[in-house]
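Structure first, commentary second.
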Amino acid sequence: MKKTILKLVLSFGAFLAADLWLIAKAAAKGAADFFISPVVEETIVFILLQLAVTAIYFVRPLRDKKSRLIYWCVSEVFVFLTFFFWGIFIVGPIWLQ
């Protein structure tokens, strides 16, 4: 169970890092000013968050089915909350603008 909790803490850290990045960009009133659009930047952050969750899982994967299920459910809820909150609720459907 310690391994599952450690992986969930790391997953939460990735979730927190993605949210803090998006909060900092929102506070600065925009995305990377000269290089990419906000849509591209948010999409990259969402993809990196999902890759981080997957990478955390595959480094010494969990053995029992219950731990795997708990990890994936909780981690994907973190990813979904970030995606829903920033990609849909705050900005609106960013890919449809």
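Each residue of the sequence shown is one higher than the one before, counting from 1 in the numbering used here.
Note that CB positions come from ideal geometry on N, CA and C, so glycine has one too.
Inter-residue spacing [alpha-carbon to alpha-carbon] between residue i and residue j
| i | j | result |
| --- | --- | --- |
| F58 | V77 | 18 angstroms |
| F84 | D64 | 30 angstroms |
| V79 | L51 | 10 angstroms |
| K7 | I44 | 22 angstroms |
| L48 | F89 | 20 angstroms |
| S11 | C73 | 11 angstroms |
| K2 | R60 | 13 angstroms |
| V9 | L20 | 16 angstroms |
Where the alpha helix (DSSP H) through residue i begins and ends
| i | result |
| --- | --- |
| W72 | K65 to T82 |
| W21 | K2 to A27 |
| L49 | P38 to F58 |
Beta-carbon contacts of residue i that lie in its chain and below 8 angstroms, excluding the five residues immediately before and after
| i | result |
| --- | --- |
| T4 | L62, S67, I70 and Y71 |
Buried or exposed (CB count within 10 angstroms, at least 16 for buried), residue i
| i | result |
| --- | --- |
| A28 | exposed |
| A55 | exposed |
| F75 | First, the amino acid is wrong: residue 75 is Ser here, not Phe. Buried: at least 16 other Cβ atoms inside 10 Å. |
| S37 | exposed |
Contacting residues, own chain, Cβ-Cβ under 6 angstroms from residue i (five flanking each side not counted)
| i | result |
| --- | --- |
| L16 | none |
| I23 | none |
| A46 | First, the residue type needs correcting, since residue 46 is Phe and not Ala in the sequence shown. Only F83 meet the Cβ criterion. |
| A18 | V45, L49 and T82 |
Proximity test, residue i beta-carbon vs the ligand ATP heavy atom, cut-off 6 angstroms
| i | result |
| --- | --- |
| L10 | Judged by which ligands are present, the structure shown has none, so any question about the ligand ATP falls away. |
Residues of its chain near residue i, where Cβ-Cβ distance is below 7 angstroms and the 5 sequence neighbours each way are ignored
| i | result |
| --- | --- |
| V53 | S11, A14, S75 and V79 |
| W86 | L22 and E42 |
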